[in-house]
Amino acid sequence: MMPLTGKRVLVTRPRTQAAELCDKLIALGAAPIVFPTIEIAPLEDPVELDRAIRSLAQYHWVIFTSVNGVNAFWDRWNLSGLAPLRSASGVPRKDLTGFPVKFSAIGPATARALEKHGVTATLIPDACIPESIFESIGDVKGQPILRARADTA
1 MMPLTGKRVL VTRPRTQAAE LCDKLIALGA APIVFPTIEI APLEDPVELD RAIRSLAQYH
61 WVIFTSVNGV NAFWDRWNLS GLAPLRSASG VPRKDLTGFP VKFSAIGPAT ARALEKHGVT
121 ATLIPDACIP ESIFESIGDV KGQPILRARA DTA
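With the first letter of the sequence shown counted as 1, position 67 gets the number 67 in our numbering; the numbers rise by one all the way through.
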């Protein structure tokens, strides 16, 4: 008998992101019920994000708290006309001259999403909660920080 046989599990991810989790639940015997509680959508007004991207070098840290945040950031980056953080062959650039910023990811999945864009997370806290980043990052007094996050996070 599978460990979740007879159990119904509510999956609150957006429909476009629920399939993988549903497949895993089914494999364990569960009956997933997809009931999205959030919607992933582009910013209505991306002016602030565009400004932050153009002045990325002024920040000491950029903190990502989700894969969706990474994807939204790079969607805007790609529209900005700035050079990609990957070479044309897809290899991450080793020289990030002009981008002395450090990148933090909330967890391994967010770090992998950054790596797809040629960025290695400098900090991945032990616990996958936003507060753990701020506990792990150390003294940031006087350091500009960009926190790429959902509108309601």
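Heads up, the beta-carbon is just placed ideally off N, CA and C, and yes, glycines get one too.
Given the structure is predicted, the values throughout are model-derived calculations rather than measurements.
#1: According to DSSP, residue 77 sits in a beta bridge with which residue or residues?
#2: Using the three-state DSSP reduction, which class does residue 95 fall into: helix, strand or coil?
#3: Assign residue 49 to one of three DSSP states: helix, strand, or coil.
#4: What did DSSP end up calling residue 35 once you bin it into helix, strand or coil?
#5: According to DSSP, which residues form a beta bridge with residue 102?
#6: From 100, 81, 65 and 58, pick the residue whose C-alpha is nearest to that of residue 124; which is it?
#7: Any C-beta of chain D sitting closer than 8 angstroms to the C-beta of residue 118?
#8: Answer yes or no: do residue 106 and residue 130 have a C-beta to C-beta separation smaller than 8 angstroms?
#9: Please report the distance separating the alpha-carbon of residue 50 from that of residue 38.
#10: Considering only their Cβ atoms, is the gap separating residue 67 from residue 101 smaller than 8 angstroms?
#11: Can you say whether residue 81 is buried or exposed, counting buried as having 16 or more other CB atoms within 10 angstroms of its CB?
#12: Could you work out which residue in 31, 69, 134 and 23 is closest to residue 109 when comparing CA atoms only?
#13: How long is the line joining the alpha carbons of residue 32 and residue 1, rounded to whole angstroms?
#14: Do residue 60 and residue 119 have their beta-carbon atoms positioned less than 8 angstroms apart in this structure?
#15: Which value, in whole angstroms, describes the spacing of the CA atoms of residue 30 and residue 113?
So, from the data block:
#1: DSSP lists no partner for residue 77.
#2: At residue 95 the pLDDT is 44, less than 50, meaning the model places this residue with poor confidence and gives no usable figure here.
#3: helix
#4: coil
#5: 61
#6: 65
#7: Going by chain labels, chain D is absent from the structure shown, which holds only one protein chain.
#8: yes
#9: 24 angstroms
#10: no
#11: exposed
#12: 69
#13: 17 angstroms
#14: no
#15: 28 angstroms
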